[in-house]
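So the sequence shown is numbered by this note's numbering: it starts at 106 and just counts up by one. A short worksheet on the structure shown next.
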Amino acid sequence: MNRLLSIVVFSIALVGCQSTVIEETVEGGGLEITYPQLPPQTQTVTGSIFDNGANLYPAGRAYSTGNLKVGDIITIILQETAQASRSSALTTERATVNEFIGANQAGGLFPGGEFFTGIDTDGGVVSSEGTGSAGQSASLYGFISASVTEVMPNGNLIVFGEKRLALNEGSEVIRVRGVVRPDDIQPNNTVLSRRLASAEFTYSGNGELRRATRTSWGSKILYDLWPF
Numbered sequence: 106m107n108r109l110l111s112i113v114v115f116s117i118a119l120v121g122c123q124s125t126v127i128e129e130t131v132e133g134g135g136l137e138i139t140y141p142q143l144p145p146q147t148q149t150v151t152g153s154i155f156d157n158g159a160n161l162y163p164a165g166r167a168y169s170t171g172n173l174k175v176g177d178i179i180t181i182i183l184q185e186t187a188q189a190s191r192s193s194a195l196t197t198e199r200a201t202v203n204e205f206i207g208a209n210q211a212g213g214l215f216p217g218g219e220f221f222t223g224i225d226t227d228g229g230v231v232s233s234e235g236t237g238s239a240g241q242s243a244s245l246y247g248f249i250s251a252s253v254t255e256v257m258p259n260g261n262l263i264v265f266g267e268k269r270l271a272l273n274e275g276s277e278v279i280r281v282r283g284v285v286r287p288d289d290i291q292p293n294n295t296v297l298s299r300r301l302a303s304a305e306f307t308y309s310g311n312g313e314l315r316r317a318t319r320t321s322w323g324s325k326i327l328y329d330l331w332p333f
């Protein structure tokens, strides 16, 4: 009876351990939100029911590319493709010639000289060869909204956008940062990603796919410590 009770308790504890969900967070911390920097506004008391300069029928705000301020939002059209390849080869060789003392002379000079019998000490050749290659390609298409974080003295805009996707297989984050020239912003408030200066695109995440494609720690140690 005690044995059966112990098995039941152990099974319940095991099920409880399996039901524990470990949430993975994507590197980079929380979302970065840029708030607009509005100058303090003073209201003049005139005794009228309407403020000075107020419109009785305010129209919806229309963005003007020359009047964007910190906190305003633009849409970046992502059209990025990158491809890189690299290869290297190494060949080294060293040859030596020994005419000073040979195996027969060494056998006659040193005690236990029979050890040198049959050993070629006239010279030697040491060579080493190695090749390596690496290739990488990536593409990024879509839309992402970015906030104006700073307006430069010449009118250019520093923008930053971030989008997080939480999927069953893990979480992914897309970040965009760069400098936009107001003239490159289209009337529909969009700008192509290739128009960004000092552009920085980050696409990272956690989950099963990342763990499956990462090099194991054992292989990394062999790459770093293997002497040959």
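Every residue gets a Cβ at the ideal spot worked out from N, C-alpha and C, and that includes glycine. Treat the numbers as computed from the prediction; the structure is a model and nothing was measured.
The region 189-196 makes no contact with the region 297-313: fewer than 3 CB pairs, one atom from each, lie closer than 8 Å. Excluding five sequence positions before and after Val253, the CB atoms of its chain that fall closer than 8 Å to its own CB belong to Thr139, Leu173, Lys174, Val175, Gly176, Asp177, Ile178, Ile179, Leu262, Ile263, Val264, given in chain order.
Residue environment for Ala187: exposed (fewer than 16 other C-beta atoms within 10 angstroms of its C-beta). Here Leu301 is buried: its Cβ has 16 or more other Cβ atoms, across all protein chains shown, within 10 Å.
In the DSSP assignment, Ser276 falls within the unbroken beta strand (DSSP E) covering 275-285. 8 Å or more divides the Cβ of Glu305 from the Cβ of Arg286.
DSSP places Ile326 within a helical segment (H, G or I) once states are collapsed to three. Judged by DSSP in its simplified three-state form, Ser321 adopts coil rather than helix or strand. Within the same chain, Ile279 come within 6 Å of Tyr308 by CB-CB distance, once the 5 residues on both sides are set aside. Per DSSP, the unbroken beta strand (DSSP E) holding Val296 starts and ends at 295-297.
Note: Gln291 is not bridge-paired with any residue in the DSSP secondary-structure output. Under a 10 Å Cβ-count criterion, Glu274 is classified as exposed, with fewer than 16 other Cβ atoms of the shown protein chains found around its own Cβ. Cβ-Cβ separation between Glu185 and Ser244: approximately 7 Å, consistent with a contact (criterion under 8 Å).
Going by DSSP, Gly266 is part of the beta strand (DSSP E) stretching over 262-272. For Glu234, same chain residues with a beta-carbon under 6 Å away, outside a window of 5 residues either side, are Thr196 in chain order. Under the criterion of beta carbons closer than 8 Å, Tyr246 and Leu183 qualify as touching, at roughly 6 Å.
For a cut-off of 8 Å, the C-beta gap from Ile181 to Ala271 is around 22 Å, too long to register as a contact.
Rounded to whole angstroms, Gly266 and Ser303 show a C-alpha spacing of 14 Å. Distance from Lys268 to Ile249 at the Cβ level is roughly 5 Å; contact confirmed, criterion being Cβ atoms closer than 8 Å.
Just so you know, the alpha carbons of Ser276 and Gly240 end up roughly 26 Å apart.
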